[in-house]
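Letter 336 of the sequence shown, counting from 1, is numbered 317 in the numbering used here, and no numbers are missing.
We treat Cβ as the ideally placed atom computed from N, Cα and C, and that holds for glycine.
Worksheet: one structure, shown below.
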Amino acid sequence: MQDSVAHERAADAKLTADGAPVLLWTTDDTGRCDGFNTPWHAFSGRTPEQSRGDGWLQAVHPEDLERWQGVWQASAAAQSPFSLDLRLRRHDGEYRWMLVSATPREPARAGGYVVSATDIHERVELEERLAERTRMLRLADRRTDRFLRLLAHELRNPLAPIANAVGMLRLMERTTPSLLSVRQIVERQLDQLTRLVNDMVDVASVTHATVALDRRPFAIADVVRSAVDSARARLDTHGHTLRIELPESPVCAVGDAQRLAQALSNLLSNAARYTLEPGVLTLRVQSDAKAIRISVKDPGQGLAAEFLPHLFEPFAQQDPHRSRSQGGLGVGLTIAKRIARLHGGELEAFSEGAGRGAEFVLSLPLDPREPLSVDSDERAYA
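Written as structure tokens, this is what we have:
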């Protein structure tokens, strides 16, 4: 009776193994194979006699054989389960990537493993294609960066003599007043070209972390003051009013104050540019024991939901026509976000949709172990 039950169980196990969607085989404690399911024979084209013992190893790709043997020996010594990816030769000669997993057999069987192999060839090929695409994109990024640096260098060469010429015009207009309007036109265009060149350099260096931060204690009020001064011309040009809200107590941090002022100035300029009618922009500083948050809020044209995922990408512009008409490369937000991240912080954007304004929040972490104290007339600036 017991023999009959055991025979039925063995038959059921074979039916289960033969119907499994994976290749299965068993080994003894030396690693020699003593049983295979039907899918193995269908896949490999090898007979049971050809597969038994070490015969099945003929199907393993030569480049993967040493790796298999190393993993097998280390795992078998400890009777521990293991898995690895390797290539097995199909009956038509093509090698397919397989996920091979092995589980120790029952203790009563005195060692050995039950081994399964699942075809993952398409997944591996997809991963390889994605890796190659990523490599090509990074190569394209590096080439773009080199081009931008070269272009910026070539454009900077004529800027110096043009600036000198503007200085000469400024002297000459004292005796020739008609030169005033000419000088102002040239000076405005020179300033615009200088900003574009600086943006090209920054997007190449800041976005790839090749810029070195000058970290030192600073007062947030000083950063705000510097940023507002830099963005003042654009704010005034558009007729905007800027409301500044600072905490009662001075707020200090450690970082590159000049770079942070650049990031904040970019946010203010962006808010001014995309608030079409004269309006009130708000710059608010808040802090707690863990972080400083600087927000810039505007009542402008807002951000469409479909554009938000691309907002901080280099050269991304929700309204390219308007951006071109006002000048700019569309890299200000990219640079601002990267500066925030170089400081261990983050820059986030919020908007309820097109025509409903936007808010940008720049967060900077505070290290509670390092008390800060710097001189700054913060309340006077508020």
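Heavy atom of the ligand ZN within 8 Å of Arg68 beta-carbon: Among the components of this structure there are no ligands whatsoever, and the ligand ZN is therefore not found.
Per-residue burial, Met181 [other beta carbons within 10 Å of its own, 16 or more giving buried]: buried
Straight-line Cα distance separating Arg123 from Arg215: 32 Å
Proximal residues to Arg305 (C-beta, below 8 Å), its chain only, five neighbours per side dropped: At Arg305 the pLDDT is 49, less than 50, meaning the model places this residue with poor confidence; the figure from the coordinates comes in the next sentence. Once the five neighbours on either side are set aside, Arg305 has no close Cβ partner at all.
Validate contact between the region 283 to 303 and the region 215 to 231 using beta carbons, cut 8 Å, 3 pairs: no
Reference Arg240; option with closest CA among Arg164, Ala253, Leu323, Thr256: Leu323
Secondary structure of Arg305, DSSP reduced to three states: With a pLDDT of 49 at Arg305, under the threshold of 50, the predicted position of this residue should be treated as unreliable, though the coordinate-derived value follows. It is helical.
Contacting residues, own chain, Cβ-Cβ under 6 Å from Gly92 (five flanking each side not counted): Asp10
Boundaries of the alpha helix (DSSP H) in which Ser246 is found, first to last residue: 238 to 254
Outcome for Gly281 when other beta-carbon atoms lying within 10 angstroms are tallied against a minimum of 16: buried
Three or more C-beta pairs below 8 Å linking the region 161 to 172 and the region 136 to 149: yes
Residues that Lys278 bridges to, as DSSP identifies them: Thr263, Glu340
Extent of the continuous alpha helix (DSSP H) to which Phe128 belongs: 102 to 153
CA-to-CA distance, Val209 to Lys318, given in whole angstroms: 18 Å
Those residues which DSSP pairs with Glu226 across a bridge: Arg265
With 16 other Cβ atoms within 10 Å as the buried cut-off, status of Asp203: buried
N-terminal and C-terminal residue of the alpha helix (DSSP H) that Val192 is part of: First-last for Val192: undefined, no H or E at that position.
Per-residue DSSP class, three states only, for Ala89: Because the pLDDT at Ala89 is just 49, under 50, the model does not fix this residue reliably, and the value given afterwards should be weighed accordingly. In this structure, Ala89 counts as helix in the three-state DSSP scheme.
Pro198, enclosing beta strand (DSSP E) - first and last residue: 197 to 200
Simplified DSSP assignment, three categories, for Pro346: strand
Residue span of the beta strand (DSSP E) that contains Ala330, given as start and end: 327 to 331
Buried versus exposed, by CB contacts within 10 Å (16 or more), Arg127: exposed
Contact under 9 Å by Cβ, Gly338 with Ser344: no
Below-9 Å beta-carbon distance, Glu135 vs any chain B residue: The structure shown contains no chain B, having only a single protein chain.
Stretch pair the region 98 to 117 + the region 155 to 164: three plus CB contacts closer than 8 Å: no
Supposed contact pair Trp49 and Leu67 - C-beta distance, whole angstroms, cut 8 Å: 6 Å
Backbone secondary structure at Arg71 - three-state DSSP: coil
Spatially closest choice to Ala133 from Val184, Arg224, Ser246, by CA coordinates: Val184
Rounded straight-line distance, which links the Cα of His291 to that of Val261: 26 Å
Where Gly34 sits in the DSSP three-state scheme: strand
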